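Quick look at the structure:
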């Protein structure tokens, strides 16, 4: 065991240590122009979204209040916001993955980590600092993209979801969970392998959601069971589907039935335990990452 | 209290035992050179000392604050030299501010490169920045793992001057290096490690052994192999008694390099 002869002294406390690392990680994202690239791409995404939104509402305006009882505006609005949720979450997941995939093993292999963790900082604090930076950036990003899509949709098509913030927070939570999982993976894998693993795991979660939507529509208890297991094992997927549920819950009639099938995975009510489960899941993932990191030779 | 005390440290990587029970101490303000061939366990020992690697057994007591320069390290390319030091000041809680950073950069001859980005620096400049980083916060102990590996002769001279400065400041240093001449010039003590065990330790003078006595005679130079300083009076007396005229006597000493090579060869 290694002991300090004189522990303590003028060293940063736990919280300042975390904030120093988080600030450094954010500074790196800024200085390496990661955030600028993301901003430019997001503006382009927003422009295309506004264009598509305008064309969509123009196209469906003829169906409004028809004898079918189809609320075309609600159908168009919820569908396109649902697509924006998928797109925004995907970009947020990529961002979270890029910010964390090489945080431990990748940075240790390149020699960036060693000068930092020998400081009176603590490995758990380093890990939490990296997590904080990635969670803030990716969570905020997903939230901003989603709320931007809601605003654009409302301004162009005059359709507003009933629970815009509840959906947005669930989406942001999904990105935060991905950041934590990516950080855990970074303790064991190099940046490239971990990045691939995280994005494939994210894809596997989406696939489970799609199977669940099919299972609900057929209906198939087996597919529903697979989706349910997938949702609890990879709860970011459950958060995404729950966000969709909140988005379309109040859409009435035929339009409501259609949009509940959802774009790219249907809405699904995972029940009241979802949010507490996600919080517990996050804490466990970070605790396991910190434990494994503490035992790792660098 | 020792600046660094290592007791019975073992480290096993799977079947390979990198360290097999190492004991060593670095006293306050002492400059100790750690020598050994590649794979001897020097870097592992240094990493265990600063907490980067967990020992399989044994204990390490290290005074804080300490500084560490890894053998293989990198700073973010987007950072300037000054920003690297600012980050480490924050992490150590140093309140030295711009004055401390300026002094450290001056010590490693980077005073004109405070605003230079790491990505624009040569390997040698980065290594000198690494040394400055290790000294942030006024450490009582420095663990330097191959600090001169990327340096040209001028850079090595800078490090030697720096080590002398550390000695003046009473900072203890464990210097892991392959450059025996540096160790010979600046270290108070030398520890030679091979295959995970300490095979020799002592001051450079203690380690350097007599390897013969050369006597200049009228007939030429005669060498008494294996003789040491203590044998000189006897040799001289015997030669004079034999009627020889002596013009000079020199005790041949093995260099640290000879000792190192002999010790490592003996251990194999």
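Residue numbers (my numbering), protein chains in the order written: chain A, 114 to 411; chain B, 267 to 534.
No residue lacks a Cβ here, since even glycine has one placed at the ideal position from N, Cα and C.
A quick note: this is a predicted structure, and the numbers were derived from the prediction, not measured.
Tell me whether residue 271/A, by its Cβ, gets closer than 7 Å to a heavy atom of the ligand GTP. The ligand GTP is not part of this structure, which contains no ligands at all.
Comparing C-alpha positions only, which one of 289/B, 405/B, 464/B sits nearest to residue 526/B? Numbered from its first residue, the second chain carries residue 526/B at position 260. Ranking 289/B, 405/B, 464/B by Cα distance to residue 526/B puts 464/B first.
Looking at the C-beta of residue 358/B, does it have a partner C-beta in chain A at a distance below 8 Å? For the purposes of this step, residue 358/B is taken as the residue at position 92 of the second chain. In terms of beta-carbon proximity, residue 358/B lines the interface with chain A, with at least one pair separated by less than 8 Å.
Simplified DSSP state of residue 406/B, which is helix, strand or coil: Reading the second chain from its first residue, position 140 is the one you call residue 406/B. Judged by DSSP in its simplified three-state form, residue 406/B adopts coil rather than helix or strand.
For residue 133/A, the residue or residues it bridges with in DSSP: The count along the first chain starts at 1 and reaches residue 133/A at position 20. By DSSP's assignment, residue 133/A forms no beta bridge with any residue.
Would you check if the region 438-451 of chain B and the region 301-317 of chain B touch, i.e. whether three or more CB-CB distances between them fall below 8 Å? Judged by Cβ distances under 8 Å, the region 301-317 of chain B makes contact with the region 438-451 of chain B, as three or more pairs qualify.
Quick one: what's got a C-beta closer than 7 Å to residue 358/B's C-beta in the same chain, skipping five residues either side? Position 92 of the second chain, counting from 1, holds the residue named residue 358/B. Cβ-Cβ distances below 7 Å link residue 358/B to 331, 402, 403 in the same chain, with the five nearest sequence neighbours on each side left out; the list follows chain order.
Using a C-beta cutoff of 8 Å, does residue 340/B count as contacting chain A? In the second chain, residue 340/B corresponds to position 74, counting from 1. With a threshold of 8 Å between beta carbons, residue 340/B makes contact with chain A.
Below 8 Å between beta carbons is the criterion; list the residues of the region 233-256 of chain A that meet it against any residue of chain B, in chain order. Cβ contacts with chain B: 233, 234.
DSSP on residue 506/B, reduced to helix/strand/coil? The residue labelled residue 506/B in the question sits at position 240 within the second chain. Secondary structure at residue 506/B: helix, using DSSP grouped into helix, strand and coil.
If you check the beta carbons only, do residue 138/A and residue 229/A fall under 8 Å apart? Position 25 of the first chain, counting from 1, holds the residue named residue 138/A. Position 116 of the first chain, counting from 1, holds the residue named residue 229/A. The Cβ atoms of residue 138/A and residue 229/A lie no closer than 8 Å to each other.
Just grab the DSSP bridge partners of residue 277/B for me. Here residue 277/B refers to the residue found at position 11 when the second chain is read from its first residue. In the DSSP output, where bridge partners are listed per residue, residue 277/B has 285/B.
Once the 5 residues before and after residue 467/B are set aside, which same chain residues still bring their CB inside 6 Å of it? To locate residue 467/B, count along the second chain from 1; it is residue 201. The answer, listed in chain order, is 457.
How long is the line joining the alpha carbons of residue 375/B and residue 419/B, rounded to whole angstroms? Taking the second chain and counting its residues from 1, the one referred to as residue 375/B is at position 109. Taking the second chain and counting its residues from 1, the one referred to as residue 419/B is at position 153. Cα to Cα, the separation comes out at about 14 Å.
Does the distance from the C-beta atom of residue 380/B to that of residue 371/B stay below 8 Å? Looking up residue 380/B in the second chain gives position 114. Looking up residue 371/B in the second chain gives position 105. Pairing residue 380/B with residue 371/B gives a Cβ-Cβ distance under 8 Å.
Kindly indicate which residue of 318/A, 331/A, 274/A, 342/A has the alpha-carbon position closest to the one of residue 290/A. Start at 1 with the first residue of the first chain, and residue 290/A comes out as number 177. Comparing Cα-Cα distances from residue 290/A to each of 318/A, 331/A, 274/A, 342/A, the minimum goes to 318/A.
For residue 267/B and residue 327/B, I'd like the C-alpha separation in whole angstroms. Reading the second chain from its first residue, position 1 is the one you call residue 267/B. Reading the second chain from its first residue, position 61 is the one you call residue 327/B. Our two residues, residue 267/B and residue 327/B, have alpha carbons roughly 10 Å apart in a direct line.
Please classify residue 460/B: is it buried, with 16 or more other beta-carbons within 10 angstroms of its beta-carbon, or exposed? Start at 1 with the first residue of the second chain, and residue 460/B comes out as number 194. Per the 10 Å Cβ criterion, buried.
Residue closest to residue 472/B, alpha-carbon to alpha-carbon, out of 450/B, 415/B, 319/B: Along the second chain, one-based indexing puts residue 472/B at 206. Selected option, being the one with the closest Cα: 450/B.
Among 333/B, 393/B, 399/B, 389/B, which one has its Cα closest to the Cα of residue 368/B? Here residue 368/B refers to the residue found at position 102 of the second chain. Check the Cα spacing between residue 368/B and each of 333/B, 393/B, 399/B, 389/B: the tightest is with 399/B.
What do you get for residue 485/B, buried or exposed, if any count of 16 or more other CB atoms within 10 angstroms of its CB means buried? Stepping through the second chain from its first residue, residue 485/B is reached at position 219. With fewer than 16 neighbouring CB atoms inside 10 Å of its own CB, residue 485/B falls in the exposed class.
In chain B, which residues lie with their C-beta within 8 Å of the C-beta of residue 141/A? Taking the first chain and counting its residues from 1, one reaches residue 141/A at position 28. Here the neighbours are 342, 344.
Just list the beta strand (DSSP E) runs in the region 406-484 of chain B, keeping only unbroken ones of 3 residues or longer that don't cross its boundaries, in chain order. 407-411, 438-442, 455-460, 463-468, 476-483, all fully within the region 406-484 of chain B.
Could you compute how far the alpha carbon of residue 232/A sits from the alpha carbon of residue 296/B? The residue given as residue 232/A occupies position 119 in the first chain. The residue given as residue 296/B occupies position 30 in the second chain. In this structure, the straight-line span from the alpha carbon of residue 232/A to that of residue 296/B is close to 22 Å.
For residue 347/A, name the three-state secondary structure that DSSP assigns. The residue given as residue 347/A occupies position 234 in the first chain. Looking at residue 347/A - three-state DSSP - the assignment turns out to be coil, as it is neither helix nor strand.
Interface partners of residue 133/A on chain B, CB under 7 Å: Here residue 133/A refers to the residue found at position 20 when the first chain is read from its first residue. Near residue 133/A (Cβ distances below 7 Å), the residues of chain B are 356, 357.
Let me check understanding here. Comparing Cα to Cα, which of 277/B, 287/B, 279/B, 294/B lies closest to residue 434/B? Counting from one through the second chain, the residue named residue 434/B turns up at place 168. Among 277/B, 287/B, 279/B, 294/B, the Cα nearest to that of residue 434/B is on 294/B.
Through-space distance from residue 355/A to residue 328/A, alpha-carbon basis: Here the question's residue 328/A lines up with position 215 in the first chain. Here the question's residue 355/A lines up with position 242 in the first chain. Straight-line Cα distance between these residues: approximately 16 Å.
To the nearest angstrom, how far is the alpha carbon of residue 171/A from that of residue 195/A? On the first chain, position 58 is the one that residue 171/A refers to. On the first chain, position 82 is the one that residue 195/A refers to. Straight-line Cα distance between these residues: approximately 18 Å.
When the cut-off is 8 Å and only beta carbons count, does residue 336/B lie next to chain A? Counting from one through the second chain, the residue named residue 336/B turns up at place 70. By this cut-off, residue 336/B is an interface position.
Find out if the Cβ-Cβ distance for the pair residue 201/A, residue 147/A is shorter than 8 Å. To locate residue 201/A, count along the first chain from 1; it is residue 88. To locate residue 147/A, count along the first chain from 1; it is residue 34. Judged by their CB atoms, residue 201/A and residue 147/A are not nearer to each other than the 8 Å cut-off.
What span of residues does the alpha helix (DSSP H) with residue 308/A cover, start to end? Looking up residue 308/A in the first chain gives position 195. 304-330 is the span of the alpha helix (DSSP H), which, as asked, contains residue 308/A.
Residue span of the beta strand (DSSP E) that contains residue 409/A, given as start and end: Position 296 of the first chain, counted from the first residue, corresponds to residue 409/A. Careful: residue 409/A lies outside any beta strand (DSSP E) and carries neither H nor E.
With distances taken Cα to Cα, identify the nearest neighbour of residue 298/A among 133/A, 214/A, 387/A. In the first chain, the residue the question calls residue 298/A occupies position 185. The residue with the shortest Cα to Cα distance from residue 298/A is 214/A.
Return the bridge partner residues of residue 335/B from the DSSP annotation. Position 69 of the second chain holds residue 335/B. DSSP, once it has assigned bridges, lists 410/B as partnering residue 335/B.
DSSP three-state call for residue 275/A: helix, strand or coil? Position 162 of the first chain, counted from the first residue, corresponds to residue 275/A. Residue 275/A falls in the coil class under three-state DSSP.
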